[in-house]
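Some notes on the structure that comes next.
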Amino acid sequence: MVVNERPLKRAKRRVTADLCDFLTFPDDGVGGFDAPFRVNVRAFLSRYGRSLAPPPPPSILRSAAVGGDEPHLLIWRVSFRVGGGSEGTPAAAAEVELDVVVEDVPRSKSIYCDQCRVVGWSDHPVCGKRYHFIIRNDKNSLSRSGMSCIRCGTLLSLSSLRCYSCNCEITLDTFEDWAHLQLEDSTHLLHGIVHANGYGHLLRVNGKEGGSKFLTGRDIMSFWDRLCTLLRIRKVSVMDISKKYGMDYRLLHAVTAGHPWYGNWGYKFGTGSFALTAESYQKAVDTLSRVPLSIFFSRARYPRTQLQNTIGLYWSLSDQQLLTVRDLFCCVMHQLQQASSCLTPGNLVLKKSAEAGAICTWTKDEVERAEEVIVKFLRSVDRSRWVTWRALRGAACHAIEPPELLDYCLKGLGGKHVSDELIIVARYNADIKAIEYRIETNSGQATSTRCLPRPSADQLICDLKFLYDALLNPNTMQPYKPTGMRNQALNSAAKLLDCKQFIRHYDEPATSQLPSNPLVITLWCHVELVDHPEDYTAPPLELLVLPTDASVADLKLQVTKTFQETYLVFQRFQAEQLLNYEQISDATHIKTLFGSHGVARIRGRCLGNDKTLGQFRKERGLDNWIVDCACGAKDDDGERMMACDACGVWQHTRCAGIDDFEEVPAKFVCKECVGIRKYNGRGLGRPRNGPSVRCKDEIGSSFSNAGRLGRLTTVG
1 MVVNERPLKR AKRRVTADLC DFLTFPDDGV GGFDAPFRVN VRAFLSRYGR SLAPPPPPSI
61 LRSAAVGGDE PHLLIWRVSF RVGGGSEGTP AAAAEVELDV VVEDVPRSKS IYCDQCRVVG
121 WSDHPVCGKR YHFIIRNDKN SLSRSGMSCI RCGTLLSLSS LRCYSCNCEI TLDTFEDWAH
181 LQLEDSTHLL HGIVHANGYG HLLRVNGKEG GSKFLTGRDI MSFWDRLCTL LRIRKVSVMD
241 ISKKYGMDYR LLHAVTAGHP WYGNWGYKFG TGSFALTAES YQKAVDTLSR VPLSIFFSRA
301 RYPRTQLQNT IGLYWSLSDQ QLLTVRDLFC CVMHQLQQAS SCLTPGNLVL KKSAEAGAIC
361 TWTKDEVERA EEVIVKFLRS VDRSRWVTWR ALRGAACHAI EPPELLDYCL KGLGGKHVSD
421 ELIIVARYNA DIKAIEYRIE TNSGQATSTR CLPRPSADQL ICDLKFLYDA LLNPNTMQPY
481 KPTGMRNQAL NSAAKLLDCK QFIRHYDEPA TSQLPSNPLV ITLWCHVELV DHPEDYTAPP
541 LELLVLPTDA SVADLKLQVT KTFQETYLVF QRFQAEQLLN YEQISDATHI KTLFGSHGVA
601 RIRGRCLGND KTLGQFRKER GLDNWIVDCA CGAKDDDGER MMACDACGVW QHTRCAGIDD
661 FEEVPAKFVC KECVGIRKYN GRGLGRPRNG PSVRCKDEIG SSFSNAGRLG RLTTVG
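The UniProt record's numbering numbers the first residue of the sequence shown as 1 and each following residue consecutively.
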């Protein structure tokens, strides 16, 4: 035997050119995903993924063998390249890894889905599998960081048997706790959960502000949208608590664009807190965004307020007339986008030329005569003094008409040569939020570029935050008249902040989920149970793809298999009857009944009497709460609630007059029960319908703190 003592060669790094492009995946040529999500996701992992889950340490295997349990999280990894590897792309940023964590729900520590609970899907049966789609932050990669010792916090590899620092043994519980912490990590660039039935939740998107080195929030969202379309996911909800420069982006984006940031990818109003509807959401958007800017100048004030100066600044910077709050915020965001792109002076010149060709409707002689008038006013002022845009415009407005011509000349006044020795210099004064001009001696250091000086990116962000607090934030909105208009704006802003749940309906219209293959039959199947419980709610329709020669017997067999594999409570389900076709033989071809596609109603029963499956009937769990709030809410919406100690009915703490930052009283009786007690003189009122020893604020507080259920999103 020959022993080679040379060290082993390091494995060659995978060539990124062989990987799919993250920014364009899936390409037009990608096919073979014409089945429902539950089938497509397995095909996707088989085609593009590789199993990542390392073998658990022997100690974990031994404890699993004794306890009859095993780790329930299977991890697959799909690698992508970013772009074409063009010059300038960092080498470490050329590859993105998507982890798909397959969670076996019966063995999970969290059987029920709190996202379904607050978005209106709480009556769905519990699915057997949940799929987590995760793009990890580089600093928290599963394959690099390993897990931390629960006793001393030392970082360990996944194959460690004991902590080498404190000698603590790595048990199955330790491994499971660590795995769950990975799912709860708020630093993931992308984290989406999809149930086996195709209903999913987008938990978080973190762009560059959230730690991404080279992927923007828009890049990640576009990838997620294309992936959902490819896998034929049915519906995806998102709780929008995203932030932009520390501001609530769902409020800011609703004002500038009329919809949330997620609306760029088709997400629409889903469910509103406090019984808000899609109509009330849209009315709030229109009311707040259409507030006229003129009302802030209705009364002459001296000195001018900071709000007036800031609005006046963007009047001077904008190439279009700013009339409403929406116009103002769109202008600031546009200026910020330009400043962030780091335009060079050369680019500014080109931009100015392009704008001139687009908006200038005056002749060269008209522009020159107007500029001469402006120069005349500047010459009359001491050269040591700066003249603001507003003062110069006010002095020249009677001599130059129309006003648009005056504004056009002022924008290009900086850098104009008055003579061989004199030049007009323009600057931005951040202290008074104004563009200023004066004539200086041409020393050669002054720029000759005919462009308007603009605030820096940091100054623009500061202005944006100020305007947000003054005009949009209901907690800091400045008082102004008319009072009625301000009250409407205040209420509208509060409503927009209360609307957090948005849904993307990938299955609408339903034909969008139907395969284009003419050699198959597609049926949406509705299942009814024989002898179902009183509060039974039928599961969502499931899409079946069958061969063209499939019979009624094949349909029943496929329905049985599909519902058994998808929903835990249907593990003993048996399809028995095709409704409306009871007299049809099982050998009949279903194509003669439904054609190429349609809706089939199947009746069946769950065999046996396994009561343990009852816990999987609904995603809401075993709770049977009743919500009847003064605002009109009839179900849990994720906001903080408390139950009446007399009747057990839940209602919002805010609607009961308790501020979000106040503690819930130890005892609480609703107004209705108080009225009944007064009427009866004394007594206990109506019987309780459920326990009320706690305040239902777990979900709301978790959302606000961006914990397991929260979605701390930075869209930059």
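Glycine included, each C-beta is placed from N, C-alpha and C at the ideal position.
Evaluate residue i with the Cβ neighbour count: other Cβ atoms within 10 Å of its Cβ, from every protein chain shown; 16 or more gives buried, anything less gives exposed.
i: Thr174; result: buried
i: Gly614; result: exposed
i: Ile135; result: buried
i: His201; result: buried
i: Ala399; result: exposed
i: Ala538; result: exposed
i: Gln321; result: exposed
i: Gly198; result: buried
i: Phe44; result: buried
i: Pro455; result: buried
i: Cys525; result: buried
i: Val674; result: exposed
i: Phe33; result: buried
i: residue 722; result: This structure cannot speak to residue 722, because the chain is shown only from 1 to 716.
i: Leu19; result: buried
i: Lys500; result: buried
i: Leu378; result: buried
i: Leu579; result: exposed
Contact check, residue i vs residue j under 8 Å by CB: the rounded distance?
i: Asn429; j: Glu436; result: 5 Å
i: Ala284; j: Leu557; result: About 51 Å separates the two Cβ atoms, so there is no contact after all.
i: Ala666; j: Ala275; result: The Cβ separation is near 27 Å, so there is no contact.
i: Cys331; j: Ser318; result: 5 Å
i: Val527; j: Ile461; result: Actually they do not touch by this definition, with Cβ atoms about 54 Å apart.
i: Ala630; j: Cys655; result: 5 Å
i: Glu103; j: Arg77; result: Their Cβ separation, rounded to whole angstroms, is 16 Å, which puts Glu103 and Arg77 out of contact at 8 Å.
i: Phe329; j: Val375; result: Phe329 to Val375, Cβ: 35 Å. No contact.
i: Thr187; j: Gly211; result: 6 Å
i: Leu541; j: Thr562; result: At roughly 11 Å, the Cβ-Cβ gap does not stay under 8 Å, so Leu541 and Thr562 are not in contact.
i: Thr287; j: Ala489; result: 7 Å
i: Pro125; j: Lys671; result: The Cβ separation is near 36 Å, so there is no contact.
i: Ser273; j: Asp498; result: 5 Å
i: Ile626; j: Met485; result: That belief does not hold up - the Cβ atoms of Ile626 and Met485 are roughly 39 Å apart, past 8 Å.
Within the continuous beta strand (DSSP E) that includes residue i, where are the two ends?
i: Lys235; result: Lys235 to Met239
i: His195; result: Leu190 to His195
i: Ala643; result: Met641 to Ala643
i: Gly270; result: Lys268 to Thr271
i: Lys465; result: Here Lys465 belongs to no beta strand (DSSP E); instead the alpha helix (DSSP H) covers Ala457 to Leu467.
i: Tyr131; result: Lys129 to Ile135
Give the range of the alpha helix (DSSP H) segment to which residue i is assigned.
i: Gln282; result: Ala278 to Ser289
i: Thr592; result: Lys591 to Phe594
i: Val552; result: Val552 to Thr566
i: His253; result: Tyr249 to Ala257
i: Glu368; result: Lys364 to Arg379
i: Trp625; result: Careful: Trp625 lies outside any alpha helix (DSSP H) and carries neither H nor E.
i: Asp99; result: Asp99 -> not in any alpha helix (DSSP H); beta strand (DSSP E) instead, spanning Glu95 to Asp104.
i: Trp650; result: Counting along the chain, Trp650 falls outside any alpha helix (DSSP H), though it belongs to the beta strand (DSSP E) covering Trp650 to His652.
i: Gly312; result: Gln306 to Leu317
Grouping DSSP H, G and I as helix and E and B as strand, with all else coil, what is residue i?
i: Thr187; result: coil
i: Asn206; result: strand
i: Arg694; result: Note on Arg694: pLDDT 42, under 50, position unreliable in the model; the coordinate value appears next. Looking at Arg694 - three-state DSSP - the assignment turns out to be coil, as it is neither helix nor strand.
i: Val78; result: strand
i: Gln574; result: strand
i: Gly200; result: strand
i: Val39; result: helix
i: Cys166; result: coil
i: Val599; result: strand
i: Glu672; result: helix
i: Gln182; result: helix
i: Leu73; result: strand
i: Ile584; result: coil
i: Leu19; result: coil
i: Ile658; result: coil
i: Lys611; result: helix
i: Ser294; result: helix
i: Gly263; result: helix
**3 or more residues per run - each beta strand (DSSP E) lying fully within the region 471 to 547** = 501 to 505, 520 to 529 and 542 to 547
**Complete runs of the beta strand (DSSP E) confined to the region 368 to 438 [at least 3 residues]** = 422 to 429
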